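Here's the structure we're looking at; comments come further down.
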Amino acid sequence: MMFQTVARAFPVSSISPVSRCVSFGVRRFCEKNPTKLRVSEALLGAEVGEDVRVQGWVRSYRPQKNNIFLHVNDGSSLKSLQVVAPAGKSDPLLSFGCAVEVKGILKKSPHSKQPVELEAKQIQVIGECNPVDFPFKIKERHSLEYIRQFPHLRCRTNAFSSLLRIRSEATAAIHSYFKSNGFLQIHTPTITSNDCEGAGELFQVEPPGTTFAEEGSFFPCPCT
Numbered sequence: 001m002m003f004q005t006v007a008r009a010f011p012v013s014s015i016s017p018v019s020r021c022v023s024f025g026v027r028r029f030c031e032k033n034p035t036k037l038r039v040s041e042a043l044l045g046a047e048v049g050e051d052v053r054v055q056g057w058v059r060s061y062r063p064q065k066n067n068i069f070l071h072v073n074d075g076s077s078l079k080s081l082q083v084v085a086p087a088g089k090s091d092p093l094l095s096f097g098c099a100v101e102v103k104g105i106l107k108k109s110p111h112s113k114q115p116v117e118l119e120a121k122q123i124q125v126i127g128e129c130n131p132v133d134f135p136f137k138i139k140e141r142h143s144l145e146y147i148r149q150f151p152h153l154r155c156r157t158n159a160f161s162s163l164l165r166i167r168s169e170a171t172a173a174i175h176s177y178f179k180s181n182g183f184l185q186i187h188t189p190t191i192t193s194n195d196c197e198g199a200g201e202l203f204q205v206e207p208p209g210t211t212f213a214e215e216g217s218f219f220p221c222p223c224t
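All residue numbers for the sequence shown refer to the UniProt record's numbering, where the first residue is 1 and numbers rise by one.
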């Protein structure tokens with residue numbers, strides 16, 4: 001409101017060149033930045049017509065003569081967000097599996113299968129990916145045994161991303177329940193089967209009723 005009042009009181013044509021540059025600088029500074037949304041938030045359609053910014057991994061990449069179509073997913077939803085951009089805005093590093101940041105206008109989709117789509121103004125590749133070396137191939141179903149070989153990438157798959165979302169909601173619900181009922185969370189010592197440090201001492205955890213006969217143990221009796 002203060003800048004609008006000053007602008008009305010001092011038209012641009014009536015102020016000096018130096019003041020005019022300051023005025024234009026203030027105007028650029030006050031421009032609204034695109035709203036950053038997760039894919040799950042964008043799919044709700046609450047920001048239709050607004051400038052938004054979305055980050056995620058490219059699940060599919062379909063270049064055509066006039067437009068390019070992307071499906072971007074950040075793990076917050078099982079469904080991906082479709083991105084439409086002119087062919088001239090295609091980045092040479094753009095490929096399946098790469099990480100991108102997309103800025104554009106969120107619009108209602110003309111297709112019934114998807115509620116909204118993102119009309120891209122700018123697509124920036126922030127993490128390259130070579131589809132040949134990438135272990136997960138587009139439109140190919142991988143077994144869980146195969147996916148477990150790549151623990152740093154398995155969160156990109158539908159199965160493991162869904163599992164992580166369920167685990168997150170369940171953990172939050174459990175913590176919320178105990179907190180609302182006056183419980184305090186404490187962190188107990190971790191029980192592990194590996195002695196990773198030279199100063200560590202392993203001890204045996206036995207079920208009730210088991211005789212612990214080993215001598216020279218860290219604890220004189222079994223822990224139950």
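Beta carbons: idealized from backbone N, C-alpha and C, even for Gly.
All values reported here derive from a predicted model rather than from experimental measurement.
* Using 8 Å as the threshold, is the stretch 92-106 in touch with the stretch 44-56, meaning 3 or more CB pairs across them? -> Yes, the stretch 92-106 is in contact with the stretch 44-56.
* When you compare each of T157, I138 and K139 to E145 by their alpha carbons, which one comes out closest? -> To locate residue 145, count along the sequence shown from 1; it is residue 145. Checking every option, the nearest Cα to that of E145 belongs to T157.
* Asked: Can L81 and A120 be called in contact, C-beta distance under 8 Å?
  -> Counting from one through the sequence shown, the residue named residue 81 turns up at place 81. Counting from one through the sequence shown, the residue named residue 120 turns up at place 120. L81 is not a Cβ neighbour of A120, given a cutoff of 8 Å.
* Sheet register partners of F69 (DSSP bridge) -> For the purposes of this step, residue 69 is taken as the residue at position 69 of the sequence shown. In the DSSP secondary-structure assignment, F69 is bridged to R62 and V84.
* Thinking C-alpha only, which one of I105, L44, L106 and K32 is nearest S77? -> Within the sequence shown, numbered from 1, the residue matching residue 77 stands at position 77. When only C-alpha atoms are compared, the closest one is L44.
* Asked: In terms of residues, what are the limits of the alpha helix (DSSP H) holding G171?
  -> Here residue 171 refers to the residue found at position 171 when the sequence shown is read from its first residue. It is worth fixing the name first, because residue 171 is Thr in this sequence and not Gly. Taken as a continuous stretch (DSSP letters only), the alpha helix (DSSP H) holding T171 covers N158 to S180.
* Are there three or more Cβ pairs, one per stretch, closer than 8 Å when the stretch 105-123 is compared with the stretch 149-166? -> Too few Cβ pairs lie closer than 8 Å, so no.
* To do: Compute the distance between the beta-carbons of residue 233 and C129, then report whether it is under 8 Å.
  => With the chain running from 1 to 224 in the structure shown, residue 233 is simply not present.
* Asked: So what does DSSP say about I147, is it helix, strand or coil?
  -> For the purposes of this step, residue 147 is identified with residue 147 of the sequence shown, where counting begins at 1. DSSP, reduced to helix, strand and coil, places I147 within a helical segment of the structure shown.
* In three-state DSSP terms, what is residue 273? -> The question about residue 273 has no answer here: the residues shown for the chain are numbered 1 through 224.
* Should A87 be flagged as near chain C, meaning a C-beta pair shorter than 8 Å? -> In the displayed structure, chain C is absent; only one protein chain is listed.
* Asked: Does DSSP put E41 in a helix, a strand or coil?
  -> In the sequence shown, residue 41 corresponds to position 41, counting from 1. DSSP places E41 in helix when its eight states are reduced to three.
* Residue nearest to R141 in terms of C-alpha spacing, selected from Q124, V132, G127 and A159 -> Here the question's residue 141 lines up with position 141 in the sequence shown. The candidate whose alpha carbon is nearest that of R141 is A159.
* Taking the alpha carbon of K108 as the point to measure from, which residue in A87, D74 and V48 has its own alpha carbon closest? -> Working through the sequence shown from its first residue, we reach residue 108 at position 108. Nearest C-alpha to K108: V48.
* Asked: Where does the unbroken beta strand (DSSP E) through I126 begin, and where does it stop?
  -> Along the sequence shown, one-based indexing puts residue 126 at 126. It spans V116 to G127 - the beta strand (DSSP E) in which I126 sits, taken as one unbroken run.
* Can you tell me whether DSSP reads R53 as helix, strand or coil? -> Against the sequence shown, residue 53 aligns to sequence position 53. Look at R53 here: in three-state DSSP terms it is strand.
* Does DSSP put K113 in a helix, in a strand, or in coil? -> Along the sequence shown, one-based indexing puts residue 113 at 113. Three-state result, K113: coil.
* To do: Can you give me the Cβ contacts of K65 inside the same chain, cut-off strictly under 8 Å, excluding the 5 residues immediately before and after it?
  => For the purposes of this step, residue 65 is taken as residue 65 along the sequence shown, with counting starting at 1. Sequence-distant Cβ neighbours of K65 in its own chain, meaning closer than 8 Å and more than five residues away, are A87.
* **Status (buried if at least 16 other CB within 10 Å, exposed otherwise) for I166** => As a working note, residue 166 is residue 166 in the sequence shown. Around the beta-carbon of I166, fewer than 16 other beta-carbon atoms lie within 10 Å, marking it exposed.
* **Between the CA atoms of V58 and residue 287 - distance to the nearest angstrom** => Look at the range of the chain in this structure, 1 to 224, and you will see that residue 287 is not part of it.
* What is the residue span of the beta strand (DSSP E) that A99 lies within? -> Working through the sequence shown from its first residue, we reach residue 99 at position 99. Run containing A99: A99 to K108, per the beta strand (DSSP E) assignment.
* Asked: So which of N67, S180, N73 and Q124 has the shortest CA-CA distance to S40?
  -> What you label residue 40 is simply residue 40 of the sequence shown in a count that begins at 1. Checked all of N67, S180, N73 and Q124; the closest Cα to S40 is N73.
* **Length of the line joining the Cα atoms of V83 and A173** => The residue labelled residue 83 in the question sits at position 83 within the sequence shown. The residue labelled residue 173 in the question sits at position 173 within the sequence shown. Cα to Cα, the separation comes out at about 34 Å.
* So who's on the other strand from T35, going by DSSP bridges? -> Position 35 of the sequence shown holds residue 35. DSSP, once it has assigned bridges, lists V52 as partnering T35.
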